[in-house]
Amino acid sequence: MTTTFSIAVLAGDGIGPEVIAEGVKVLRAVECRLDGVNFELMEYSVGAGEFLRNGDPLPSHTLQRCREHHAILLGAMGLPDVRWPNGLEMTPQLDLREQLDLFCGLRPIRLFHAGDTPCKTYGAGEIDFVIFRENCEGLFSGRLAGKPANDHEATDTLRITRKGSERIFRAAFREAKRRRGLVTLVDKANVLPSMAFFRRIFDEISREFPEVKTEKIYVDAAALYLVKRPDTFDVLVTENMFGDILSDLAAGLVGGMGMAPSGDIGDRHAVFQPSHGTAPDIAGRGIANPIATILSVALMLDWLNHAETRRGAELIRHAVASVREKPENRTPDLGGKLSTNEMGDLIAQEI
Ligand code: ATP
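Numbering (our numbering), first residue to last: 43 to 393.
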């Protein structure tokens with residue numbers, strides 16, 4: 043019997059379509075290696091380009107269709123010059139997160155090649171941790187508050203709820219049980235009452251997982267320790283904005299945005315996309331690194347949670363590792379000369 047997974051593909055703007063093409067190429071290569079599993083892909087237009095064409099970056103019928111697929115594969119959305127009248131960029135990816143209640147921002151950080159890290163002493167595999175970013179509240183919850191009330195001050199709200207915190211902490215602890223058994227809470231509990239509340243809930247949930255070790259660090263120290271001792275981390279869990287910032291820092295530890303995949307996961311739906319944005323500075327030149335997207339395809343296969351798709355995820359990670367073993371297999375962001383397309387081809391061939 044064959045199991046068919048239907049995937050919504052949202053290429054988006056900027057380098058989104060370039061990297062998604064390689065992600066799809068690799069997915070098709072994996073499909074040939076799997077027994078009894080295939081993928082039905084359906085593409086939809088979203089993002090700033092879609093706004094310019096039809097006035098809405100995330101049309102409601104597209105959102106509705108996305109709900110009907112097993113998973114969503116996304117490139118990147120938004121362009122610096124296409125903004126709402128209040129000056130803010132369009133961020134349909136955030137709308138998607140909130141509409142589909144994708145509370146868990148999963149950001150795996152793994153060093154595939156010693157030459158990719160600015161921390162000179164680490165070898166492949168020695169930096170290997172996951173950031174769990176709370177995706178639906180925190181400081182980002184102020185983003186829809188509208189214009190400041192007057193011309194003298196502006197305030198954003200950092201919203202922490204018990205429900206939102208409990209579910210992200212449980213997800214982090216479950217992951218730590220599958221990994222090396224350590225969860226690090228990153229907060230600012232020494233200054234912000236909302237963060238003290240966050241920490242209290244963390245302590246409560248940690249009691250449900252006595253086999254998992256915990257540590258608690260403030261976000262400023264986390265920035266320092268991530269650079270000084272990245273190999274000591276296993277699972278980090280944090281608030282939305284802190285997670286946003288630290289995951290870019292963490293991507294920098296393993297070669298940059300082109301190496302950092304992500305999954306935005308809820309109870310029923312999930313979106314997989316590279317951690318990077320649309321990179322307008324390099325869009326259209328065929329030089330974007332597609333590995334973040336390809337590793338996001340692997341995360342998607344893990345999440346689909348079929349024995350064969352999980353095997354496919356391992357095949358992808360293995361192929362990325364063996365392609366990156368050779369120093370010449372680098373795109374320009376890693377100091378090499380390969381095009382987006384050539385990197386995608388190499389990984390697909392390896393599979
Ligand atoms: P967003 O706010 O949408 O997350 P951003 O402003 O953080 O986006 P990115 O689009 O992520 O910016 O780009 C940040 C930097 O990383 C840019 O210099 C960009 O060229 C580079 N970059 C991002 N993605 C890639 C990639 N896949 N390959 C190579 N370089 C990339």
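Each residue gets a CB set at the ideal place from its N, CA and C atoms; glycine is no exception.
Small disclaimer: the values here were computed from a predicted structure and weren't measured.
Just to confirm, is the Cβ distance from residue i to residue j under 8 Å?
| i | j | result |
| --- | --- | --- |
| residue 139 | residue 192 | no |
| residue 330 | residue 61 | yes |
| residue 173 | residue 153 | no |
| residue 277 | residue 171 | yes |
| residue 318 | residue 63 | no |
| residue 144 | residue 312 | yes |
| residue 65 | residue 338 | yes |
| residue 322 | residue 121 | yes |
Straight-line CA distance for residue i to residue j?
| i | j | result |
| --- | --- | --- |
| residue 269 | residue 301 | 17 Å |
| residue 155 | residue 362 | 10 Å |
| residue 217 | residue 328 | 36 Å |
| residue 151 | residue 298 | 10 Å |
| residue 238 | residue 231 | 4 Å |
| residue 75 | residue 223 | 32 Å |
| residue 356 | residue 333 | 14 Å |
| residue 279 | residue 68 | 30 Å |
| residue 249 | residue 315 | 33 Å |
| residue 104 | residue 86 | 7 Å |
| residue 229 | residue 246 | 16 Å |
Going by alpha carbons, who is nearest to residue i out of the options?
| i | options | result |
| --- | --- | --- |
| residue 296 | 106, 389, 160, 214 | 160 |
| residue 50 | 110, 365, 232, 114 | 114 |
| residue 381 | 343, 325, 170 | 325 |
| residue 128 | 186, 93, 119 | 186 |
| residue 183 | 384, 250, 282 | 282 |
| residue 92 | 74, 264, 44, 132 | 132 |
| residue 81 | 253, 55, 343 | 343 |
| residue 116 | 200, 365, 320 | 320 |
| residue 285 | 105, 179, 66, 137 | 179 |
| residue 175 | 226, 219, 190 | 226 |
| residue 388 | 375, 374, 377, 364 | 364 |
Could you check if residue i belongs to the surroundings of ligand 1, using beta carbon to heavy atom distance under 7 Å?
| i | result |
| --- | --- |
| residue 283 | no |
| residue 190 | no |
| residue 96 | no |
Notebook entry, point to check: Can you list every residue whose CB sits closer than 5 Å to some heavy atom of ligand 1, going in chain order?
Noted result: 299, 300, 318, 319, 321, 323, 324, 330, 331, 375
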